[in-house]
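A short worksheet on the structure shown next.
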Amino acid sequence: MTSIERVDPPLAVDEAATLRGFLDYHRETLRLKTEGLSREQLNQTLAPSAMTLGGMLKHLALVEDWWFSCVLLGNEDADYWQGVDWDEDRDWDWHSAVENTPEQLRTLFDDAVAASDAILDRVLADSGLDTLSVKHDRRKDEAFSLRWIMLHMVEEYARHNGHADLIRESIDGATGE
95 MTSIERVDPP
105 LAVDEAATLR
115 GFLDYHRETL
125 RLKTEGLSRE
135 QLNQTLAPSA
145 MTLGGMLKHL
155 ALVEDWWFSC
165 VLLGNEDADY
175 WQGVDWDEDR
185 DWDWHSAVEN
195 TPEQLRTLFD
205 DAVAASDAIL
215 DRVLADSGLD
225 TLSVKHDRRK
235 DEAFSLRWIM
245 LHMVEEYARH
255 NGHADLIRES
265 IDGATGE
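Numbering follows the numbering used here, with no gaps: position 27 of the sequence shown is 121.
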């Protein structure tokens with residue numbers, strides 16, 4: 095696990111740069127945890143969970159698209175997700191990763207992050223963290239602020255990176271940040 099360079103979040107910058115720094119840090123952590131693994135290794139579970147690192151890459155690609163493109167901007171799902179029958183399998187992103195090669199999973203993840211970054215660049219420059227989402231919370235019928243979405247994404251990555259630590263260690267003994 096050596097070719098990915100992860101940069102620590104900045105220590106004394108504005109709120110948007112702090113949130114962006116932590117989001118980028120956690121994205122890179124996931125890349126580190128999945129780097130160099132074969133298809134079989136990306137599909138390995140750690141009992142009792144059915145979670146895999148391949149499924150995690152695919153899930154977080156979906157989450158990137160969902161929050162930044164669909165919720166914030168009100169766009170339809172990215173093309174990749176269009177034909178999925180979520181009613182048949184609510185965890186399709188996790189379960190279907192076994193069908194993908196490591197390269198496909200990494201490309202899907204990297205493309206989703208790049209699309210999210212382009213959205214973040216534009217929205218932060220235009221209207222900042224107080225920008226409200228087009229889609230509303232289904233329980234409260236309230237919009238999400240970009241600030242809330244970014245903080246939620248940091249939380250989502252941090253949670254799954256904890257899982258990734260344990261799964262990766264069970265695969266090949268690799269530990270570390």
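Just so it is clear, CB atoms sit at the ideal spot from N, CA and C, and this is done for glycine as well.
Is Lys-234 buried or exposed, if buried means 16 or more other CB atoms sit within 10 Å of its CB?
The sequence position of residue 234 within the sequence shown is 140, counting from 1. It counts as exposed.
Which residue wins for smallest C-alpha separation from Pro-206, given the options Val-157, Ser-227, Ile-243?
Numbered from its first residue, the sequence shown carries residue 206 at position 112. Before going further, note that residue 206 is Ala rather than Pro in the sequence given. It is Val-157 whose Cα lies nearest to the Cα of Ala-206.
Using a Cβ distance threshold of 8 Å, determine whether the stretch 169-187 contacts the stretch 111-131, with at least three qualifying pairs required.
no
Classify Leu-131 as buried or exposed, calling it buried when 16 or more other Cβ atoms lie within 10 Å of its own Cβ.
Position 37 of the sequence shown holds residue 131. When all chains shown are included, Leu-131 counts as buried.
Give a yes or no on whether the minimum CB-CB distance between Ala-206 and chain B is below 9 Å.
Protein chain content of the structure displayed is limited to a single chain, and chain B is not contained in it.
How would you write the range of the beta strand (DSSP E) that Ser-227 sits in, first residue to last?
Looking up residue 227 in the sequence shown gives position 133. Per DSSP, Ser-227 belongs to the beta strand (DSSP E) from 226-230.
With a cut-off of 8 Å, do at least 3 Cβ pairs link the stretch 152-166 to the stretch 243-260?
yes
Where the beta strand (DSSP E) containing Ser-239 begins and where it ends:
On the sequence shown, residue 239 is found 145 positions in, with the first residue counted as 1. From DSSP, the beta strand (DSSP E) with Ser-239 extends over 237-239.
Where does Gly-222 sit, in a helix, a strand or coil, going by DSSP?
Here the question's residue 222 lines up with position 128 in the sequence shown. DSSP places Gly-222 in coil when its eight states are reduced to three.
Under DSSP, the alpha helix (DSSP H) around Arg-125 begins and ends at which residues?
On the sequence shown, residue 125 is found 31 positions in, with the first residue counted as 1. Note, Arg-125: alpha helix (DSSP H), 109-128.
So, at 8 Å on beta carbons, what are the nonlocal neighbours of Ser-74 in its own chain, with the 5 sequence-adjacent residues on each side left out?
Nothing in the structure corresponds to residue 74, since the chain is present only between 95 and 271.
Out of Met-145, Ser-97, Asp-108, which one is the CA nearest neighbour of Thr-123?
To locate residue 123, count along the sequence shown from 1; it is residue 29. Residue Ser-97 is the option with its Cα nearest to Thr-123.
Quick test of the definition: if touching needs 3 or more C-beta pairs under 8 Å, does the stretch 145-155 touch the stretch 183-202?
yes
Of the listed residues Trp-180, Asp-266, Gly-148, Asp-211, nearest to Glu-197 (C-alpha basis):
The residue you call residue 197 lines up with position 103 of the sequence shown. Checked all of Trp-180, Asp-266, Gly-148, Asp-211; the closest Cα to Glu-197 is Gly-148.
Mind checking which residues open and close the alpha helix (DSSP H) that includes Leu-156?
Translated into the one-based positions of the sequence shown, residue 156 becomes position 62. Leu-156 -> alpha helix (DSSP H) spans 147-158.
Residues near Asn-194 by beta carbon distance below 6 Å, same chain, minus five either side:
The residue given as residue 194 occupies position 100 in the sequence shown. If we look at Asn-194 and ignore the five residues flanking it on each side, it has no Cβ neighbours.
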